[in-house]
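J.: Can you keep this structure in mind? I'll have questions shortly.
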Amino acid sequence: MKIAVLTSGGDAPGMNAAVRAVVRKGIFNNCEVFGVREGFRGILTEDFIPMQLGSVADVIQRGGTILRTARCEEFKTPAGMDKAIANLRRREIDAVIVIGGDGSIRGAQALNDRGILAVAVPGTIDNDIAATEVTIGFDTAVNTACNAIDKIRDTAASHQRLFIIELMGRNSGAIALAAGLAAGAESIIVPELPYDLDEVSRRLEGSRRRGKLHSIILVAEGVASAYEIAAELKKRTNQDNRVIVLGHLQRGGSPTAFDRILASRMASEAVDLVLAGKGGRLVVVQNGRYTHVDISSALAQKAVFDSEAFELAKILSI
Ligand code: ADP
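For the sequence shown, this note's numbering begins at 121 and goes up steadily by one.
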């Protein structure tokens with residue numbers, strides 16, 4: 121069997137561990153494995169590289185993706201899709217394993233609908249795929265954000281300052297919530313819930329009265345710019361503040377052991393699926409177990425925000 125593997129959309133720490141596991145588990149099962157560079161674009165430009173056991177040596181601990189990634193609009197067009205199918209057929213590729221976020225998972229579904237056995241592995245720091253409890257890269261991103269917040273808290277406490285920190289998450293406050301809970305942020309502003317800056321200001325005033333002179337407020341990028349929030353809070357509290365935008369820091373770095381294990385297990389499951397001829401499936405973790413679901417039903421599921429964790433973060437940060 122010939123298997124192609126690609127990483128697509130936003131990169132996430134742990135993608136390399138997933139690619140490594142596809143290559144090694146595939147070869148273990150007597151498959152030929154090809155890496156496709158730059159996501160779906162590589163199928164169109166025929167950027168296929170034959171992978172050997174050694175092609176993925178020394179990558180389990182590396183962030184980013186050795187196959188590189190891209191966003192490719194052409195792949196979504198009927199002509200682009202025809203070209204992709206023709207290129208895969210000419211090379212006699214039997215199956216494609218796609219590692220990426222929701223857009224990439226849709227791309228896998230599109231290939232499968234056109235008769236190329238395709239399976240998806242959720243790789244995104246946002247943890248915004250409802251069908252799985254966790255996605256590859258989320259744990260590393262949360263740890264990176266938490267470490268950064270801890271460092272900022274040292275200087276915030278020393279100078280008795282208010283810091284507003286912007287974290288990644290366009291439509292998802294998952295990183296902000298998890299990092300906020302882990303680092304004890306005083307307020308967390310996420311796109312899933314309405315926010316009230318008057319209430320945030322009242323909380324700040326309340327802590328100031330109790331003698332707490334430094335605070336950390338987290339803002340998920342999808343809500344507003346941290347600079348806008350800072351200006352609004354300044355108007356309300358008359359307290360000086362500082363803004364930090366963590367940005368792409370949260371994407372990089374060596375994956376945590378958790379993400380390496382998750383990536384290895386999910387990718388192994390993906391190889392089992394293609395060997396069994398089961399396409400159109402998304403590998404997931406449900407109730408702590410590795411399993412798989414139909415891509416179309418997975419993508420129809422709306423992400424559920426963990427309001428219990430959000431309420432707890434509020435109570436604990438008082
Ligand atoms: P992510 O996978 O991180 O969510 P994107 O949403 O940008 O990132 O998707 C990555 C790529 O997946 C797109 O550039 C495109 O090539 C492909 N893709 C996205 N949606 C579809 C779709 N509906 N059909 C086919 N391919 C898609």
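In this text, a Cβ means the ideal position worked out from N, Cα and C, and glycines have one as well.
For clarity, every value in this text was computed on a predicted model and none was experimentally measured.
Pull up the distance between the alpha-carbon of GLN172 and that of ALA383, whole angstroms please.
T.: Taking the first residue of the sequence shown as 1, we reach residue 172 at position 52. Taking the first residue of the sequence shown as 1, we reach residue 383 at position 263. So the alpha carbons of these two residues sit roughly 19 angstroms apart.
J.: Can you tell me whether DSSP reads ASP270 as helix, strand or coil?
T.: Residue 270 sits at position 150 when you count from the first residue of the sequence shown. DSSP places ASP270 in helix when its eight states are reduced to three.
J.: To the nearest angstrom, report how far apart ILE415 and LEU164 are at their CA atoms.
T.: Against the sequence shown, residue 415 aligns to sequence position 295. Against the sequence shown, residue 164 aligns to sequence position 44. Distance between the alpha carbons of ILE415 and LEU164: 23 angstroms.
J.: How many Å lie between ILE225 and ARG322 at the Cα?
T.: Counting from one through the sequence shown, the residue named residue 225 turns up at place 105. Counting from one through the sequence shown, the residue named residue 322 turns up at place 202. When rounded, the distance between both Cα atoms is 43 angstroms.
J.: Compute the minimum distance between the beta carbon of GLY159 and the heavy atoms of the ligand ADP, and state whether it is under 7 angstroms.
T.: Along the sequence shown, one-based indexing puts residue 159 at 39. Yes; taking the cut-off as 7 angstroms, the Cβ of GLY159 has a heavy atom of the ligand ADP nearer than that.
J.: My understanding is that ALA215 touches ALA228, with C-beta atoms under 8 angstroms, so please give their C-beta distance in whole angstroms.
T.: Here residue 215 is taken as the residue at index 95 of the sequence shown, counted from 1. Here residue 228 is taken as the residue at index 108 of the sequence shown, counted from 1. Not confirmed; about 10 angstroms, so no contact.
J.: Just to confirm, is the Cβ distance from ILE295 to VAL262 under 8 angstroms?
T.: On the sequence shown, position 175 is the one that residue 295 refers to. On the sequence shown, position 142 is the one that residue 262 refers to. Cβ distance < 8 angstroms, so ILE295 and VAL262 count as in contact.
J.: For ARG290, does the count of other Cβ atoms within 10 angstroms reach 16, so buried, or fall short, so exposed?
T.: Here residue 290 is taken as the residue at index 170 of the sequence shown, counted from 1. Looking at its Cβ environment, which holds fewer than 16 other Cβ atoms inside 10 Å, ARG290 is exposed.
J.: Using the beta-carbon of each residue, find all residues closer than 5 angstroms to any heavy atom of the ligand ADP and list them in chain order.
T.: Spelled out in chain order, the answer is SER128, GLY129, GLY130, PHE160, ARG191, CYS192, PHE195, LYS196, GLY220, GLY221, ASP222, GLY223, SER224, ARG226, GLY227 and ALA230.
J.: Give the C-beta separation of ILE364 and PHE283 to the nearest angstrom, bearing in mind that I take them to be a contact with Cβ-Cβ under 8 angstroms.
T.: Indexing the sequence shown from 1 puts residue 364 at position 244. Indexing the sequence shown from 1 puts residue 283 at position 163. So it is a contact: roughly 6 angstroms between Cβ atoms.
J.: Grouping DSSP H, G and I as helix and E and B as strand, with all else coil, what is ASP246?
T.: Sequence index remark: in the sequence shown, residue 246 carries index 126 (1-based). Coil, per DSSP.
J.: Could you compute how far the alpha carbon of ALA177 sits from the alpha carbon of VAL142?
T.: Position 57 of the sequence shown, counted from the start, is the residue given in the question as residue 177. Position 22 of the sequence shown, counted from the start, is the residue given in the question as residue 142. Distance between the alpha carbons of ALA177 and VAL142: 13 angstroms.
J.: Return the residue from the list THR252, ASN136 and GLU428 that minimises the CA-CA distance to GLY183.
T.: The sequence position of residue 183 within the sequence shown is 63, counting from 1. Checking every option, the nearest Cα to that of GLY183 belongs to ASN136.
J.: Taking the straight line between their C-alpha atoms, what separation do you get for PHE430 and SER437?
T.: As a position in the sequence shown, residue 430 is number 310, starting the count at 1. As a position in the sequence shown, residue 437 is number 317, starting the count at 1. Approximately 11 angstroms between the Cα atoms of the pair.
J.: By DSSP, does ALA298 sit in helix, in strand, or in coil?
T.: Position 178 of the sequence shown holds residue 298. Three-state DSSP puts ALA298 in a helix.
J.: Let me confirm a value: LEU297 is counted as buried when at least 16 other C-beta atoms fall within 10 Å, else exposed. Which label applies?
T.: If you number the sequence shown from 1, residue 297 lands on position 177. Buried, because 16 or more other Cβ atoms sit within 10 Å of the Cβ of LEU297.
J.: Just reading off the alpha helix (DSSP H) that TYR347 is part of, what are its end residues?
T.: Locating residue 347 in the sequence shown gives position 227, where the first residue counts as 1. From DSSP, the alpha helix (DSSP H) with TYR347 extends over 346–357.
J.: Could you check what DSSP says for PHE378 in three-state terms: helix, strand or coil?
T.: Counted from its first residue, the sequence shown places residue 378 at position 258. Helix at PHE378.
J.: Use the C-beta contact count for PRO375: other C-beta atoms within 10 angstroms, 16 or more gives buried, fewer gives exposed.
T.: On the sequence shown, position 255 is the one that residue 375 refers to. Flag for PRO375 reads buried.
J.: If you drop the 5 nearest sequence neighbours on each side, which residues of the same chain put their C-beta closer than 7 angstroms to that of LYS434?
T.: For the purposes of this step, residue 434 is taken as the residue at position 314 of the sequence shown. Correct list: empty, nothing qualifies.
J.: Would you identify the three-state DSSP class for PHE168, choosing helix, strand or coil?
T.: Mapped onto the sequence shown, residue 168 falls at position 48. It is a strand residue.
J.: Which partner residues does SER335 have in the DSSP bridge list?
T.: Numbered from its first residue, the sequence shown carries residue 335 at position 215. Answer is LEU282, bridged to SER335.
J.: Measure the alpha-carbon distance for ALA302 versus ILE308 and round it to whole angstroms.
T.: Sequence index remark: in the sequence shown, residue 302 carries index 182 (1-based). Sequence index remark: in the sequence shown, residue 308 carries index 188 (1-based). Distance between the alpha carbons of ALA302 and ILE308 is about 12 angstroms.
J.: Put ASN361 into one of helix, strand or coil per three-state DSSP.
T.: Within the sequence shown, residue 361 is the residue found at index 241, counting from 1. Of the three classes helix, strand and coil, the one that applies to ASN361 here is strand, per DSSP.
J.: With DSSP as the reference, please indicate the residues paired to GLY220 in a beta bridge.
T.: To locate residue 220, count along the sequence shown from 1; it is residue 100. Its beta-bridge partners are SER128 and PRO242.
J.: Which partner residues does ILE256 have in the DSSP bridge list?
T.: Taking the first residue of the sequence shown as 1, we reach residue 256 at position 136. Answer by DSSP bridge pairing, in chain order: GLY243.
J.: For the ligand FMN, any of its heavy atoms closer than 7 angstroms to the Cβ of ALA141?
T.: This structure lacks the ligand FMN; the ligands present are the ligand ADP.
J.: Going by C-alpha to C-alpha distance, which of SER278, ARG209 and ILE245 sits closest to ASP131?
T.: For the purposes of this step, residue 131 is taken as residue 11 along the sequence shown, with counting starting at 1. Selected option, being the one with the closest Cα: ILE245.
J.: Using a beta-carbon distance below 8 angstroms, is ASP316 in contact with chain D?
T.: Among the protein chains of the structure shown there is no chain D, as only one such chain exists.
J.: With the cut-off set at 8 angstroms, would you say ASN207 and GLU166 are in Cβ contact?
T.: Here residue 207 is taken as the residue at index 87 of the sequence shown, counted from 1. Here residue 166 is taken as the residue at index 46 of the sequence shown, counted from 1. Closer than 8 angstroms, so yes.
J.: In this structure, does DSSP put GLN406 in helix, strand or coil?
T.: Residue 406 sits at position 286 when you count from the first residue of the sequence shown. It is a strand residue.
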